[in-house]
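The block underneath contains the structure these notes are about, expressed in structure tokens.
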Amino acid sequence: MAKLGFLGLGLMGYPMARNLLRAGHEVAVWSHTAGKARQLAAEEKAAFCESPKQVAESAECVFLCVGDTAMSREIILGPDGIIQGARPGTVVVDASTISPSESRQIGKALAARGVEFLDAPCTGSTPGAQSGNLTFMVGGNRAVFEKVKPLFEPMGKRLYYCGEAGLGLQAKLTQNLILCNILMAFNEGMVLATKGGVDPQLMLEILENSAAKSGLIAYKAPFVLRRDFSTNFSTKWMHKDIGLMLDSGKQLGVPLIVTSLTHQLFQTAISAGHGDDDMCSTINMLEELAGVEVKSS
Numbered sequence: 009m010a011k012l013g014f015l016g017l018g019l020m021g022y023p024m025a026r027n028l029l030r031a032g033h034e035v036a037v038w039s040h041t042a043g044k045a046r047q048l049a050a051e052e053k054a055a056f057c058e059s060p061k062q063v064a065e066s067a068e069c070v071f072l073c074v075g076d077t078a079m080s081r082e083i084i085l086g087p088d089g090i091i092q093g094a095r096p097g098t099v100v101v102d103a104s105t106i107s108p109s110e111s112r113q114i115g116k117a118l119a120a121r122g123v124e125f126l127d128a129p130c131t132g133s134t135p136g137a138q139s140g141n142l143t144f145m146v147g148g149n150r151a152v153f154e155k156v157k158p159l160f161e162p163m164g165k166r167l168y169y170c171g172e173a174g175l176g177l178q179a180k181l182t183q184n185l186i187l188c189n190i191l192m193a194f195n196e197g198m199v200l201a202t203k204g205g206v207d208p209q210l211m212l213e214i215l216e217n218s219a220a221k222s223g224l225i226a227y228k229a230p231f232v233l234r235r236d237f238s239t240n241f242s243t244k245w246m247h248k249d250i251g252l253m254l255d256s257g258k259q260l261g262v263p264l265i266v267t268s269l270t271h272q273l274f275q276t277a278i279s280a281g282h283g284d285d286d287m288c289s290t291i292n293m294l295e296e297l298a299g300v301e302v303k304s305s
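In terms of my numbering, the sequence shown opens at residue 9 and continues consecutively.
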């Protein structure tokens, strides 16, 4: 069993770290909300740490899963960050969804200290984190990935090595780009059908048995129909990811026309108070404009 670290114990990070502990690994934990780290220490015998530096001092591989690029940079490279405590040969695995270019810079800073780095964003939302069925997209040195690959297995069953540093993040942003635009198409279609008089449940059955069939729609639609917008993946975090997509498109010279509009629709939902709700709550904006509600009959 390995000596690991895990930083960031939110909706995703907490169950990910718990799964590592239940697999028998020793795991030192830290979170911005110290109470979460203390809770995991009490429930699963994790080692509570006061700082990212302290986590790194006792770990051969450190995972983190935090909200945005600034958080990741501070936790890894800050005055009390991982870099201050990690020994040469330590592997840092960032499962956060952050800027690919910033991630490469973080990796270079760690390499200067002899510390290995992988970008390994994941998908599967909270249910996947809880069940240990996340999908990871990994960028960085392949030999390093192969060395720590078994450590991912309690957290996820599908691991895709995407290439050099930053390419795991590029793959994750591409996947989320497609997801968020499908969600917007679903919102518009279901509001249009409902306003036109088609029963929403019937419309879903038609979609399920047509070329428009989508895993995202199949998963999210039942939540919408029962008006359950409890958070699996929040509107504000997808909005952040869309911003990263647009930044990447600008850097690479790729126009992202539909995605630009989707970014504004997510901002509209956030401005209306739905930032912390699940991203499927974005349908509320169109419903209000159309004067109709998509729900089970």
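We treat Cβ as the ideally placed atom computed from N, Cα and C, and that holds for glycine.
Identify whether residue i lies in helix, strand or coil by the three-state DSSP scheme.
i, result
"Ser66", "coil"
"Ser59", "coil"
"Glu52", "helix"
"Lys221", "coil"
"Cys73", "coil"
"Ser242", "strand"
"Met20", "coil"
"Thr143", "strand"
"Glu34", "strand"
"Asp286", "strand"
"Val206", "coil"
"Phe125", "strand"
"Leu118", "helix"
"Leu15", "strand"
"Thr105", "coil"
"Leu264", "coil"
"Lys180", "helix"
"Val199", "helix"
"Gly43", "helix"
"Arg95", "coil"
"Lys165", "strand"
"Gly257", "helix"
"Gly251", "helix"
"Val232", "helix"
"Val156", "helix"
"Gly86", "coil"
"Gly174", "coil"
With distance defined between alpha-carbon atoms, name the residue in the options nearest to residue i.
i, options, result
"Val262", "Ala220, Ile291, Leu185, Arg26", "Leu185"
"Val101", "Leu252, Phe237, Leu12, His247", "Leu12"
"Phe125", "Glu172, Pro87, Arg166, Ala179", "Glu172"
"Gly122", "Ser139, Ser133, Ile90, Pro230", "Ile90"
"Ala137", "Ser304, Lys155, Asn27", "Asn27"
"Phe231", "Leu212, Cys170, Leu72, Gly283", "Leu212"
"Phe71", "Leu187, Cys188, Ser139, Val35", "Val35"
"Val302", "His282, Asp207, Leu273", "Asp207"
"Leu175", "Ala128, Phe237, Asn240, Gly21", "Ala128"
"Met192", "Thr239, Ile225, His282", "Ile225"
"Ser111", "Asp88, Pro87, Ser256", "Ser256"
"Gly204", "Met24, Lys155, Gly299", "Gly299"
"Val63", "Ser39, Thr77, Gln47", "Ser39"
"Val37", "Leu48, Ser279, Arg30", "Leu48"
"Asn195", "Gly86, Ala277, Pro87, Gly281", "Ala277"
"Ala21", "Asn189, Phe241, Gln209", "Note that residue 21 corresponds to Gly in the displayed sequence, not to Ala. Here the closest residue by C-alpha is Phe241."
"Asn189", "Gly32, His271, Leu29, Gln275", "His271"
"Thr182", "Pro87, Leu252, Gln209", "Leu252"
Evaluate residue i with the Cβ neighbour count: other Cβ atoms within 10 Å of its Cβ, from every protein chain shown; 16 or more gives buried, anything less gives exposed.
i, result
"Tyr227", "exposed"
"Leu177", "buried"
"Gly75", "buried"
"Lys221", "exposed"
"Thr243", "buried"
"Asn217", "exposed"
"Val266", "exposed"
"Lys258", "exposed"
"Pro135", "exposed"
"Gly43", "exposed"
"Pro23", "buried"
"Leu273", "buried"
"Ala25", "buried"
"Ile114", "buried"
"Leu260", "exposed"
With distances taken between CB atoms, is the gap from residue i to residue j smaller than 8 Å?
i, j, result
"Ala67", "Thr98", "yes"
"Glu58", "Gly93", "no"
"Leu17", "Ala45", "yes"
"Ser133", "Arg234", "no"
"Thr269", "Leu254", "Here the sequence assigns Leu to residue 269, which means Thr is not the residue at that position. Cβ atoms of Leu269 and Leu254: not closer than 8 Å."
"Pro60", "Leu15", "yes"
"Phe153", "Tyr168", "no"
"Ala10", "Cys73", "no"
"Thr131", "Lys180", "yes"
"Gly164", "Gly140", "yes"
Tell me whether the region 78 to 85 and the region 106 to 115 touch, counting them as touching only if at least three CB pairs, one residue from each stretch, are closer than 8 Å. yes
Determine, using beta-carbon pairs with one atom in the region 107 to 123 and one in the region 40 to 54, whether at least three such pairs fall under 8 Å. no
Given 8 Å, three or more beta-carbon pairs between the region 192 to 211 and the region 293 to 300: yes
Touch test, the region 155 to 166 against the region 138 to 145, Cβ-Cβ under 8 Å, three pairs minimum: yes
Please determine if the region 230 to 250 and the region 274 to 291 are in contact, where contact requires at least 3 C-beta pairs separated by less than 8 Å. yes
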